[in-house]
Each structure stands twice: as structure tokens, then as C-alpha cells.
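In the numbering used here, the protein residues as written are 676 to 833.
By construction, the Cβ of each residue, glycine as well, lies at the ideal position given by its N, Cα and C atoms.
Owing to the predicted nature of the structure, the values given are computational and were not obtained by experimental measurement.
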Amino acid sequence: EKRFSEEDKYHDDLEVSKETAIFISKRNILFMTVIGVVILGIAIYRYFHHAESNALMLALLSLLFFGLAFNDYRKKEPQILISNNGIKLYKKELMLWEYITNEHIEIIRGHENHKKYFVLDYKGKEVKFLINSIEISTDELEHLLRVYRLRFNKNASV
């Protein structure tokens, strides 16, 4: 691409440490829990107002939200770990910068929602990682990727 043929305009951000851990957003977990509580409250209300079938379906839906929130809460490891050495995705091995190319954020828009992916090529194979619920914005992630890529390129050229 044209943007890679131009001289790098970005400078090392000294505020970025040698390693950055990116976790699931606590706000996302809280949001799913609150939605689950609201739906459960509606289910209980419907049950006591003689709409048992609707109440059961709503109760099951609230359990789904609680389950998703709990599943995310249990994930104590970083979703993404970026360092001067490379990138480690959740439950994957460290991928070294020398084998990583074309790292970027991809947003796939749907009718009612969109999915955000962190995409890179590692040893010639595409790796796609869903990042909808991480604690930083896509702009912040792109900034980190530029900083760590720049650091690697500077060290590799020395």
C-alpha cells in the first residue's frame, strides 16, 4: 500500500511501556449484567401478571446475559498483549514482530450492530481476533500498534 511506502511519520511514544496488556472492558461486563437484571425483573413481573410463557422466555434470556457477563468476568488474562517482542492474543502463543505483517483494525457493519476485529498476517496466514469488548478504543489500539511496530523496525534496522 501507499501508506507503507512513505517514510514513517510516527515517533516513539515514551509514555507507552515496553509491554501493554489489554483486558475485557469492565463496563461491558457491567452493561450485560444490568441488562440481565432488567430482563429478569420484567420476567418476574410478567410471571405474577399471568404471562408465564413470556416470563419463562425472558428468564432464559436474562440467564444468557448473566452467562455472557460471567464468562467475560472469568477471563483474567489479557485479551491482547503487545510488546516490543510481538503480540500475544488470548490463549495463543506469542507472535514475533518479524513474522507479523499487515496489522490493522477491521470493522464489519451489520444491520443492527457491528463487529470489530484486530487482523494481522502471521507467517503468511491471516489471524482475526474479535475486539468488540476490549477496554480501549480502536484508535488507542492502532496507536499502540504503530508505536510497537516503529520500535521493532528501529531495532531491526540497527
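So what's residue i in DSSP terms, helix, strand or just coil?
i	result
Asn777	strand
Gly799	coil
Gly716	helix
Val691	coil
His789	strand
Ala726	coil
Ile704	helix
Could you check the C-alpha separation between residue i and residue j for me, to the nearest Å?
i	j	result
Val802	His725	50 Å
Leu816	Ile782	13 Å
Tyr823	Trp772	9 Å
Val877	Leu764	Residue numbering for the chain in the displayed model covers 676 to 833; residue 877 lies beyond these limits and cannot be assessed.
Ser758	Phe706	30 Å
Would you list the one or two residues that DSSP bridges to residue i?
i	result
Val794	His779, Lys803
Met770	Ile762
Would you say the beta carbon of residue i is closer than 7 Å to some non-hydrogen atom of the ligand HEM?
i	result
Gly761	Although the ligand HEM was asked about, the structure shown includes no ligands whatsoever.
message: Would the stretch 712 to 720 count as touching the stretch 728 to 736 if we require 3 or more Cβ pairs under 8 Å?
response: yes
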